[in-house]
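Data first, discussion second: the structure below is written as structure tokens.
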Ligand code: M6R
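Residue numbers (full-length UniProt numbering): 248 to 616.
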């Protein structure tokens, strides 16, 4: 039931701190190390894999893009991501040293299921990250890591996405822990920080009033662009997907560095552009480059909606609207940066009078190829 919320989507957005906490529950030991025995892939197998391939669709694909960055950073194992619908038709190169990870809320998406079957036929080990107990993908996989988002009813995925991210971080950190990398200290530190994330997500949810006002004020916009870099790029894609499916608006996500290669021609007076700003700590080069992008688009008339960490003062002069998110380790930022984009899309769609939980032409689980 909706528990007093107007839509399941609103309820599911609000449930995110708990969903994130539940997905972490029992997986971080009192010794500060990860315990994923439930996955049942022997450590020896994890030590021997020489590449990871992640396959998913839609929002789950955006989680996969972020997982790639985390896996390659913490484990130095090469990782590819691919849309499930494209995967098996290109004759992918796989063998028994490949770890294939499928990500699916429903566990029934036909494109992902067929890709998973194809991977197993090639001899790859398959780990399914899934939210639905006993669904087809986890039943057929070699190993399973369940996300504990609870049932997601709204067609637009929200809490399942955040828990997929948590599961991906757990897999990346666990692989790093088992294989041993030069990032050992960072891994220990990030495991601790992960445990803090439910609190940070809660904090973002508590400050969404101005984002709702902004969304309503943009209900007659014809297009919204989203920019990001590194982990912020998939977040930008996710923000655009939410707006397409709920508000039926033209929305597009770009890697901010690509602006100058074409998309900047789209910028015109009054065009809303949402920018996800990387942490000024860590990858400060990326941060500075994105601040210049914000300057450039604003000089060309864009209405800039800037999502930036608390304490990041460099963005202030160029933000028409500033949305603050808590400071987190660089790779974990999507857990907080995505939330305002979900609220934005939900509110804008509501202002347009759309059926938020059941957008036109879409099904919760896409069981055809
Ligand atoms: O159940 P799955 O995670 O396999 O579903 C994949 C996509 O169909 C799904 O994420 C879709 O893009 C959502 N409607 C996005 O909000």
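From the three backbone atoms N, C-alpha and C, an ideal C-beta is built for every residue, glycine too.
Residue 456 is positioned such that its CB atom lies no closer than 8 Å to that of residue 523. Note that the C-beta distance between residue 344 and residue 297 is below 8 Å.
Here residue 386 has no same chain residue with a Cβ atom under 6 Å from its own Cβ, once five neighbours each way along the sequence are excluded. Between residue 597 and residue 482, the beta carbon gap of about 22 Å keeps them out of contact (Cβ cut-off 8 Å). At least one heavy atom of the ligand M6R sits closer than 7 Å to the Cβ of residue 492. With a beta-carbon spacing of about 19 Å, residue 510 and residue 465 fall beyond the 8 Å limit used to define contacts. Where residue 593 is concerned, the enclosing alpha helix (DSSP H) starts and stops at 581 to 598. Secondary structure note for residue 307: it is in no beta strand (DSSP E), and the uninterrupted alpha helix (DSSP H) holding it is 305 to 322. For residue 491, the enclosing alpha helix (DSSP H) stretches over residues 479 to 494. By the C-beta density criterion, residue 460 is exposed, having fewer than 16 other C-beta atoms within 10 angstroms. Cβ contact annotation for residue 287 (same chain, cutoff 7 Å, sequence separation greater than five): 390, in chain order. Selection 569, 564, 274 evaluated against residue 554 yields 569 as nearest (Cα-Cα). Between the region 264 to 274 and the region 293 to 309 there are fewer than three inter-stretch CB-CB distances shorter than 8 Å, so the stretches are not counted as touching.
If you draw a straight line from the Cα of residue 257 to the Cα of residue 458, it comes to about 14 Å. Using a cutoff of 7 Å, the CB of residue 305 counts as near the ligand M6R, since one of the ligand's heavy atoms is closer than that. At least one heavy atom of the ligand M6R lies less than 7 Å from the C-beta of residue 402.
In chain order, 279 place their CB closer than 7 Å to the CB of residue 435, counting only its own chain and leaving out the 5 sequence neighbours on each side.
Residue side-chain check: residue 488 places its Cβ nearer than 7 Å to a non-hydrogen atom of the ligand M6R. In this structure, the straight-line span from the alpha carbon of residue 557 to that of residue 451 is close to 11 Å. At a threshold of 7 Å, residue 352 counts as near the ligand M6R, since its beta carbon sits closer than that to one of the ligand's heavy atoms. Residue environment: residue 429 is assigned as exposed (fewer than 16 neighbouring CB atoms within 10 Å of its CB, all protein chains considered). In this chain, the beta strand (DSSP E) harbouring residue 568 covers 568 to 572. Residue nearest to residue 514 within the set 321, 274, 546 is 546 (criterion: CA-CA distance).
Taking non-hydrogen atoms of the ligand M6R into account, the C-beta of residue 332 is found less than 7 Å away from none of them.
Looking only at 604, 469, 542, 398, the smallest Cα-Cα distance to residue 563 is reached by 542. Distance between residue 331 and residue 351, taken at the CA atoms: about 11 Å. Straight across, the Cα-Cα distance linking residue 426 with residue 531 is about 29 Å. By the criterion of at least three beta-carbon pairs nearer than 8 Å, the region 440 to 454 is not in contact with the region 360 to 368. According to DSSP, residue pairing for residue 519 in a beta bridge involves 550.
For residue 565, the secondary structure class from DSSP, reduced to helix, strand or coil, is helix.
With a 10 Å radius around the Cβ and a threshold of 16 neighbouring Cβ atoms, residue 508 comes out exposed. The beta carbon of residue 412 is closer than 7 Å to those of 310, 313, 581, 582 in its chain, skipping five residues each way along the sequence.
Checking the DSSP bridge columns, you'll see residue 499 partnered with 472. Per DSSP, the continuous beta strand (DSSP E) segment holding residue 350 begins and ends at 345 to 351. Per DSSP, residue 616 is not a residue of any beta strand (DSSP E), being assigned neither H nor E. At a Cβ-Cβ threshold of 8 Å, residue 484 and residue 504 do not count as neighbours.
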